[in-house]
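This report concerns only the one structure given below.
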Amino acid sequence: MITEKIKMDVFRAVENLKDEMVNSLADIIQIPSIDPYIDPDLKAERIGGETQVNKCLKIVMESFGLQTDLWEEEEGRANLVGVCKGSGGGRSLLFNGHIDIVAPGPLELWNIADPYSGKVINGKIYGRGAVDMKGGVVAAIYALKALLKAGYQPKGDVLVEAVPGEEMMQHEIGTSATVKRGHRADAGIVVEASAPPYRLAIITASPGVLFLKIKIKGKAAHSTLRDEVIRAGGRGSAVAVSAVDKAMIIYNGLIKLEEEWGQTKSHPAFSRPGHFTICPTSFAGGLGGIFFIPEECTLTYVIIHAPQETKEQVIKEIETHVHNLSQTDSWLRDNPPEFDWWGGWWWPPYDVPKDSPICRAAAIAYESVLNEPAKYNGFTAVDDATFLNQAGIPTITMGPGSIEIAHTANEFIEIEDLVDAAKIYALTIVEWCGI
Numbered sequence: 058m059i060t061e062k063i064k065m066d067v068f069r070a071v072e073n074l075k076d077e078m079v080n081s082l083a084d085i086i087q088i089p090s091i092d093p094y095i096d097p098d099l100k101a102e103r104i105g106g107e108t109q110v111n112k113c114l115k116i117v118m119e120s121f122g123l124q125t126d127l128w129e130e131e132e133g134r135a136n137l138v139g140v141c142k143g144s145g146g147g148r149s150l151l152f153n154g155h156i157d158i159v160a161p162g163p164l165e166l167w168n169i170a171d172p173y174s175g176k177v178i179n180g181k182i183y184g185r186g187a188v189d190m191k192g193g194v195v196a197a198i199y200a201l202k203a204l205l206k207a208g209y210q211p212k213g214d215v216l217v218e219a220v221p222g223e224e225m226m227q228h229e230i231g232t233s234a235t236v237k238r239g240h241r242a243d244a245g246i247v248v249e250a251s252a253p254p255y256r257l258a259i260i261t262a263s264p265g266v267l268f269l270k271i272k273i274k275g276k277a278a279h280s281t282l283r284d285e286v287i288r289a290g291g292r293g294s295a296v297a298v299s300a301v302d303k304a305m306i307i308y309n310g311l312i313k314l315e316e317e318w319g320q321t322k323s324h325p326a327f328s329r330p331g332h333f334t335i336c337p338t339s340f341a342g343g344l345g346g347i348f349f350i351p352e353e354c355t356l357t358y359v360i361i362h363a364p365q366e367t368k369e370q371v372i373k374e375i376e377t378h379v380h381n382l383s384q385t386d387s388w389l390r391d392n393p394p395e396f397d398w399w400g401g402w403w404w405p406p407y408d409v410p411k412d413s414p415i416c417r418a419a420a421i422a423y424e425s426v427l428n429e430p431a432k433y434n435g436f437t438a439v440d441d442a443t444f445l446n447q448a449g450i451p452t453i454t455m456g457p458g459s460i461e462i463a464h465t466a467n468e469f470i471e472i473e474d475l476v477d478a479a480k481i482y483a484l485t486i487v488e489w490c491g492i
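Heads up, the sequence shown is in the working numbering, so the first residue is 58 and it goes up one at a time.
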């Protein structure tokens, strides 16, 4: 239970550690920990950054008495779990965040601070990974340190996990590997940035994600024969069929289905309608040369679907829709599009009831710090809370900063967000684990 004395003691301890927390975040921003699988050509030179970050965090954790477990599932890509053993009789809680980052992109766009500077300007810490999501990891570590410095020992175990591989969807070497190694708790919080629309919102659900490639076949010929293909009186498909033209039928039809999703698909955790989408990400055709009527065209999609839907339901709906579109065209009817669902890959959704015990504990802490009713939302993106929930650990997402800043030039996190997150995490420990 959070008393006024506990609250003020924790606030004071977090404020006293603010400069140290900022410096620790700057230290690990200065270590490039780009996920080595983002660009296979640069993999060899990028391996090792994740381990370096976690070696740095291991020193921080051990400096205030945490037991640590540092190991590599893949060379140069270490996991780190810090454990504060409880005094007994309380529920356990884990905090989880990834320390791999995406590449900074064109350096000329970083016109405020260098991507690996960790520079502080006007209350913001700049650098790649500041908000996604080294900031959240550091806030969780210092939440626990502040609680202990204030003289409060949790009754239940508290774990802080810093994992690699999230940016390239490699939960098997990161978050899922921590579970396999035996690091479990009664509940979890993934410290990914949870704005917008609400600052430090409690995220109770995320969508599922599927990748789709659709291949449409045509019939090649010289491009000067297009009049035979499209004009009345021409010989049509006996001469050629433009795969690009046929792909447009599928493209436009899926745009209409996406519009329909915006009206018909919803979920209580998402504050606005229309979040679930069929996003076209590439349209490639005519690669044989400029003087060819294209023989093949490929469309790729990222599909963001509602938490209550299964992978099988979504695949069936989209394939049925494309099949029905194909029936309206004589060529596509006889030469149906081919589907490639990326080998069956799927990032499943998660959905934690708003009235679940971990949500209630986080809400009490949120209200104690921000002096307003707790805000809830569905997550814009996806994160490793999915795999903790799948492992039987009820897990929400709640973290400092805005996901809209992630992966951008001049990425930053507000120091105020970092401090408030640490306070909320510390009081969540009090409420959940007991002291």
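Cβ atoms here follow ideal geometry from the backbone N, Cα and C, with glycine treated the same way.
Using DSSP with H/G/I as helix, E/B as strand and the rest coil, what is residue i?
| i | result |
| --- | --- |
| residue 216 | strand |
| residue 380 | helix |
| residue 444 | helix |
| residue 294 | helix |
| residue 80 | helix |
| residue 315 | helix |
| residue 439 | coil |
| residue 349 | strand |
| residue 453 | strand |
| residue 59 | coil |
| residue 287 | helix |
| residue 158 | strand |
| residue 169 | coil |
| residue 386 | coil |
| residue 367 | coil |
| residue 466 | coil |
Under 9 Å between the Cβ atoms of residue i and residue j?
| i | j | result |
| --- | --- | --- |
| residue 243 | residue 450 | yes |
| residue 128 | residue 467 | no |
| residue 356 | residue 78 | no |
| residue 423 | residue 372 | no |
| residue 431 | residue 246 | no |
| residue 490 | residue 150 | yes |
| residue 444 | residue 248 | no |
| residue 197 | residue 262 | no |
| residue 346 | residue 301 | no |
| residue 392 | residue 238 | no |
| residue 133 | residue 220 | no |
| residue 434 | residue 251 | yes |
| residue 144 | residue 97 | no |
| residue 201 | residue 121 | yes |
| residue 59 | residue 425 | yes |
| residue 485 | residue 419 | yes |
| residue 315 | residue 336 | yes |
| residue 115 | residue 147 | no |
| residue 312 | residue 379 | no |
Per DSSP, which one or two residues make a beta bridge with residue i?
| i | result |
| --- | --- |
| residue 181 | 178 and 471 |
| residue 428 | According to DSSP, which records beta bridges pairwise, residue 428 is partnered with nothing at all. |
| residue 135 | 129 |
| residue 152 | 217 and 246 |
| residue 360 | 267 and 335 |
| residue 459 | 252 |
| residue 341 | 355 |
| residue 433 | 259 |
| residue 141 | 215 |
So, at 7 Å on beta carbons, what are the nonlocal neighbours of residue i in its own chain, with the 5 sequence-adjacent residues on each side left out?
| i | result |
| --- | --- |
| residue 203 | 67, 70, 71, 74, 479 and 483 |
| residue 191 | 82, 85, 86 and 156 |
| residue 162 | 466 |
| residue 292 | 285 |
| residue 93 | 100, 103 and 104 |
| residue 241 | 450 |
| residue 234 | 130 and 136 |
| residue 402 | 268 |
If you drop the 5 nearest sequence neighbours on each side, which residues of the same chain put their C-beta closer than 8 Å to that of residue i?
| i | result |
| --- | --- |
| residue 472 | 75, 79, 177, 180, 181 and 182 |
| residue 397 | 269, 270, 271 and 272 |
| residue 37 | Residue numbering for the chain in the displayed model covers 58 to 492; residue 37 lies beyond these limits and cannot be assessed. |
| residue 277 | 297, 345, 349, 350, 351 and 352 |
| residue 199 | 71, 74, 77, 78, 81 and 479 |
Hey, is residue i close to the ligand HEM, as in C-beta under 8 Å from one of its heavy atoms?
| i | result |
| --- | --- |
| residue 154 | Summarising the ligand content, the structure contains no ligands, and the ligand HEM is consequently not present. |
Can you list, in chain order, the residues of its chain with a C-beta nearer than 6 Å to that of residue i? Leave out the 5 residues immediately preceding and following it.
| i | result |
| --- | --- |
| residue 464 | 159 |
| residue 436 | 260, 263 and 454 |
| residue 448 | 236 |
| residue 338 | 357 and 359 |
| residue 406 | 263, 264, 265 and 364 |
Can a CB atom of chain C be found closer than 9 Å to the CB of residue i?
| i | result |
| --- | --- |
| residue 403 | In the displayed structure, chain C is absent; only one protein chain is listed. |
Every unbroken beta strand (DSSP E) within the segment 217-279, with a cutoff of 3 residues, ordered by chain: 244-247, 259-263 and 265-274
Just list the beta strand (DSSP E) runs in the segment 391-424, keeping only unbroken ones of 3 residues or longer that don't cross its boundaries, in chain order. 395-397
Which whole runs of the alpha helix (DSSP H) in the segment 88-129 are 4 residues long or more, in chain order? Taken in chain order, the complete alpha helix (DSSP H) segments of 4 residues or longer contained in the segment 88-129 are 100-103 and 106-120.
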